[in-house]
Each structure stands twice: as C-alpha cells, then as structure tokens.
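Here's the structure, in structure tokens; my notes come after.
What follows is the structure, encoded as structure tokens:
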C-alpha cells in the first residue's frame, strides 16, 4: 500500500512539473553576444580593421563566405548574407529591392528614411526609434545575421535635440561587422564607440550638412577605423574626400554592388563610392 502511494505521489509530481507553465525566463533564448564589441574591447589600440588581428583575439564568427552590398538609393543598401538573408537599410518603400527583404531598418529623421506602410511580406521591420521616447533596443538573429542598434540624438524641427531618435544599425555576419550610421546629426562620444565596437564596413551619410558637416563626419569615420567606407545619402562632395589624407584610398566603382568577406577587406582603409551615389 505504501509503495502504491509513493508511486502515485511521484506520478503526480512529475505530471504537475510537465504540464505547469514554466517561468518566462526558462523559455527565452539566450541574448546574442556581439563579437564586434568583444574583439574591439580585446584590441583597443588597433589602427584599422583587417583580417590580420592579433593571434590572442578570438574571432568567434568564422569567415564563412561573401556578403553582397548593393546601393539601392539615398540611404538604402541591400545586404545579402551567405545564407540568403536580405536586409534593407533606412527602408522607405520608394527604392524597391528585387523582392521583399527579410529585414528592414528605418530611421525617423525624414520620410526618406522610413515608411509606416511597409510591404506586409517583410517579416522583420526594425524602427530606429520608439514612439514613447525611450531608446530603441534591437537584438535580433535572422539566419546567419545578428542585428543590433546604438541610438543617437537628432535635431528637432525647432531648436535642440530629440534624444534617441536615430539608430546606428550594426549587422554581424560572416565574421564581418557592418555599420550604417543612419541620419547621424552629431559627433559620437566614447560611450557610443564602446557600444558600436569594431566596424569593418561603414555606410556613412555624405551631404555637406543635412546630417553633419564634412569635417565632423570625417572625424567620426576616422575614429571608427573601418576598412571599407561606403558613402550614401546625397551626391558625394569633394569636400568630404578632401578631409582624408594619404592614409585613405579612394575609388569609384563601376557597379552598384560590392562583394566583401573578412579575408578580402582592404589592407588600407578605402572610401569606395558605389555606382549611383
């Protein structure tokens, strides 16, 4: 009788554990860890990003293929990962990609950087701002891409700044750290650079002052130490290129796309103007 009772009690305990809802934290996937931040913290004195990192620095995301980056228009680039994930930056619905991207990012500075009526076929729509004024916070894994953001302020229509209304989106894929500055209105401080970490590829607005003046933007670009710099937003100005000395190479592409991998990054920082910019 006692054995039967014990067996019944154990069965009840097991069934209760199996059917009772588990705490929410037990069902959540672990938060992704940024390799771009980790590598930057391990090698803070690195001059420019390249594959030849110190041997002691763990490159956790292996070089697993090429990423294709295509200039679509204004501030929209199409990023295509080795596993076929497609991401459109500062998506406004005007500049169409061949098919609906898997992910789109947006910023709210102007209507040319966002749409409130995106294609319903887009699975992930990431706003770089929040309507309640708190910072947007994205940590998303889609296929072989990890997407996160660092918020910055933007100018208001009158005076002053609107906090956290722009996002620098960072895409970590195939071992690369790819950053899009969005509609950046001010120079970054050290807290921003720590949050961003290493950027191998940088998409930078060049417009002579609608975002920032050429001199201010050139200081941001130089501080980020990216290997491949892709201008965007407005027609390229000579004032911007003139801010960079002989330590930067400059080249104009004959196509709107570039294929890049961790191993094919330029050994010297290159400002590469894609066709159509």
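Numbering (my numbering), first residue to last: 3 to 279. Just so it is clear, CB atoms sit at the ideal spot from N, CA and C, and this is done for glycine as well. No experiment lies behind these values; they were computed from the predicted model shown.
If residue 140 and residue 150 are in contact, beta carbons under 8 Å, what's the gap, nearest whole angstrom?
That pair is a contact at about 6 Å.
Report, in whole angstroms, the separation of the C-beta atoms of residue 78 and residue 171, which I expect to be a contact under 8 Å.
Not confirmed; about 12 Å, so no contact.
Work out the CA separation of residue 255 and residue 230 for me, nearest whole Å.
If you take the alpha carbons of residue 230 and residue 255, they lie about 13 Å apart.
Under 7 Å Cβ to Cβ from residue 221, same chain only, skipping five residues before and after it: list those, please.
189
Bridge-paired residues (DSSP) for residue 2:
As displayed, the chain neither begins before 3 nor continues past 279, which places residue 2 out of reach and without an answer.
Cβ neighbour criterion (16 or more within 10 Å) applied to residue 244
exposed
Is residue 183 closer than 8 Å to residue 207 when the C-beta atoms are compared?
yes
Distance between residue 136 and residue 195 (C-alpha atoms, nearest Å):
20 Å
Closest residue to residue 202 among 179, 279, 169, 39 (Cα-Cα distance)
179
Neighbourhood of residue 104 by C-beta, 8 Å cutoff - its chain only, sequence neighbours within 5 removed
Correct list, in chain order: 87, 88, 89, 124, 125, 126, 144, 145.
Using the C-alpha atoms, what's the distance from residue 252 back to residue 259?
So the two alpha carbons sit approximately 16 Å from each other.
DSSP three-state label for residue 232, please.
The answer is strand: DSSP assigns residue 232 an E or B state.
Counting only the same chain and skipping the five closest in sequence on each side, list residues whose C-beta sits under 8 Å from that of residue 119.
95
Roughly how many whole angstroms lie between the Cα atoms of residue 138 and residue 109?
Between the alpha carbons of residue 138 and residue 109 lies a gap of roughly 11 Å.
Taking the alpha carbon of residue 1 as the point to measure from, which residue in 277, 83, 168, 85 has its own alpha carbon closest?
Absent from the structure is residue 1, since the part of the chain shown begins at 3 and ends at 279.
Below 8 Å on the Cβ atoms is my contact criterion, and I expect residue 205 with residue 177 to pass it. Report the Cβ-Cβ distance as a whole number of Å.
No, residue 205 and residue 177 are not in contact; Cβ-Cβ is about 18 Å, not under 8 Å.
Could you tell me the distance, in whole angstroms, from the CA atom of residue 63 to the CA atom of residue 81?
In this prediction, residue 63 scores a pLDDT of 48, lower than 50, which makes its location untrustworthy; no coordinate-derived value is stated.
Bridge partner(s) assigned by DSSP for residue 150:
141, 172
Let me check one thing: in DSSP terms, what residues is residue 261 bridge-paired to?
70
Let me confirm a value: residue 130 is counted as buried when at least 16 other C-beta atoms fall within 10 Å, else exposed. Which label applies?
buried
Below 8 Å CB to CB, which residues in the same chain sit around residue 249 once its five sequence neighbours on both sides are set aside?
270, 271
Where residue 223 and residue 128 are concerned, what is the direct C-alpha to C-alpha distance, given to the nearest angstrom?
24 Å
Indicate the three-state DSSP secondary structure (helix, strand or coil) for residue 90 in the structure shown.
strand
Residue environment, residue 163, which counts as buried when at least 16 other CB atoms sit within 10 Å:
exposed
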